[in-house]
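Undergrad: My questions will all concern the structure given below.
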């Protein structure tokens with residue numbers, strides 16, 4: 013009878029994606045070695061490493077958007093476009109140009125939709141600039157920003173961060189420069205991603221970072 017009860021409980025955990033009582037290093041997250049500096053002051057920093065061309069990053073956006081609405085007040089969230097190879101650079105520059113012009117809230121999700129749903133080749137700068145013009149953005153101003161020294165510098169920094177944080181792939185979230193977790197670390201038995209479970213794990217890793225800082 014006890015065996016049946018335990019089996020039923022295990023089946024529930026696996027089917028519901030419930031987070032085990034203890035989030036485990038190596039299974040649900042891994043340490044960043046060495047830990048990286050943060051720029052969030054007294055707040056816990058959460059970095060999203062992503063790439064506009066990544067389908068898993070695209071799939072993450074709706075649950076991530078929902079989590080951002082309820083994230084703890086002591087958490088500061090930032091995006092970092094990862095760069096693993098030269099072909100990733102154009103869309104990385106696209107994000108930094110969008111950010112520099114204060115257009116992230118307006119265009120971030122539209123860029124994902126253009127790349128993955130509409131199959132528009134935004135990695136081609138001319139196509140990107142034309143697309144921006146059609147979305148109410150000053151085409152020349154965006155092109156100038158995209159090609160600016162500031163955006164080139166931030167792209168170089170993103171390359172360095174991708175290496176320094178030892179990002180295995182996208183998407184990945186890094187908590188307070190110390191802990192890395194990714195949806196691929198919280199799979200269902202059929203290898204599909206349970207995003208509810210993933211964001212519960214993220215909350216637990218944030219709690220761990222808070223405890224490490226000496227908070228409650």
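In the working numbering, the protein residues as written are 13 to 228.
Here a beta-carbon is modelled for each residue, glycine too, at the ideal position from N, C-alpha and C.
With 16 as the cutoff for other CB atoms within 10 Å, does residue 27 come out buried or exposed?
TA: For residue 27, the pLDDT reaches just 44, beneath the cut-off of 50, and the residue's location in the model is therefore unreliable, although a value from the coordinates is still provided. Exposed, by the Cβ-count rule.
Undergrad: Using only the alpha-carbon positions, how far apart do residue 63 and residue 223 sit?
TA: Approximately 31 Å between the Cα atoms of the pair.
Undergrad: Exposed or buried, residue 188, counting other C-beta atoms within 10 Å across all chains shown (16 or more means buried)?
TA: It counts as buried.
Undergrad: Since residue 116 is in the alpha helix (DSSP H), which residue starts that stretch and which ends it?
TA: Its alpha helix (DSSP H) spans residues 116–128.
Undergrad: Can you tell me whether residue 209 is buried or exposed, with buried defined as 16 or more other CB within 10 angstroms of its CB?
TA: Residue 209 is buried by the Cβ-count criterion.
Undergrad: Taking the alpha-carbon positions, what's the residue 119 to residue 215 distance?
TA: Residue 119 and residue 215: Cα-Cα distance of roughly 27 Å.
Undergrad: Which residue from 163, 193, 153, 147 puts its Cα closest to that of residue 9?
TA: Look at the range of the chain in this structure, 13 to 228, and you will see that residue 9 is not part of it.
Undergrad: Any contact between the region 131–146 and the region 40–57? By contact I mean 3 or more CB pairs, one from each, below 8 Å.
TA: With the cut-off at 8 Å, the region 131–146 and the region 40–57 do not touch.
Undergrad: Residue 36: buried (16+ other C-beta within 10 angstroms of its C-beta) or exposed?
TA: Result: exposed.
Undergrad: For the alpha helix (DSSP H) holding residue 80, just list the boundary residues, first then last.
TA: Segment 67–82, the alpha helix (DSSP H) holding residue 80.
Undergrad: Does DSSP classify residue 28 as helix, strand or coil?
TA: Summary for residue 28: the model assigns pLDDT 44, below 50, so the residue's position carries little reliability; its value from the coordinates is reported in the next sentence. Residue state, collapsed to three classes: helix.
Undergrad: What's the C-alpha gap between residue 113 and residue 43?
TA: Taking the straight line joining both Cα atoms gives about 34 Å.
Undergrad: Three or more C-beta pairs under 8 Å: does that hold for the region 169–177 against the region 76–94?
TA: Touching, per the Cβ criterion.
Undergrad: Within the same chain, show all residues whose beta-carbon is closer than 8 Å to that of residue 151, passing over the 5 residues directly before and after it, in chain order.
TA: Only 141, 142, 144, 145 meet the Cβ criterion.
Undergrad: Distance cutoff 7 Å, beta carbons only. Does residue 203 sit that close to anything in chain D?
TA: The structure shown contains no chain D; it holds only a single protein chain.
Undergrad: Which residue or residues does DSSP assign as beta-bridge partners of residue 87?
TA: Bridge partners of residue 87: 56.
Undergrad: Among the residues of its own chain, which have a CB less than 8 Å from the CB of residue 115, if the five just before and after it don't count?
TA: Contacts found: 149.
Undergrad: Whose CA, out of 225, 217, 154, 221, lies closest to the CA of residue 41?
TA: Comparing Cα-Cα distances from residue 41 to each of 225, 217, 154, 221, the minimum goes to 217.
Undergrad: At what residues does the beta strand (DSSP E) containing residue 139 begin and finish?
TA: That residue, residue 139, is in no beta strand (DSSP E); its alpha helix (DSSP H) goes 137–146.
Undergrad: Determine the burial state of residue 81: buried for a count of at least 16 other Cβ atoms within 10 Å of its Cβ, exposed for fewer.
TA: Exposed, by the Cβ-count rule.
Undergrad: Report the three-state DSSP secondary structure of residue 133 (helix, strand or coil).
TA: Three-state DSSP puts residue 133 in coil, outside helix and strand.
Undergrad: Per DSSP, which residues does residue 205 bridge with? Please list them.
TA: In the DSSP output, where bridge partners are listed per residue, residue 205 has 199.
Undergrad: When the distance is taken between beta carbons, is residue 109 closer than 7 Å to residue 163?
TA: Yes. Within cutoff.
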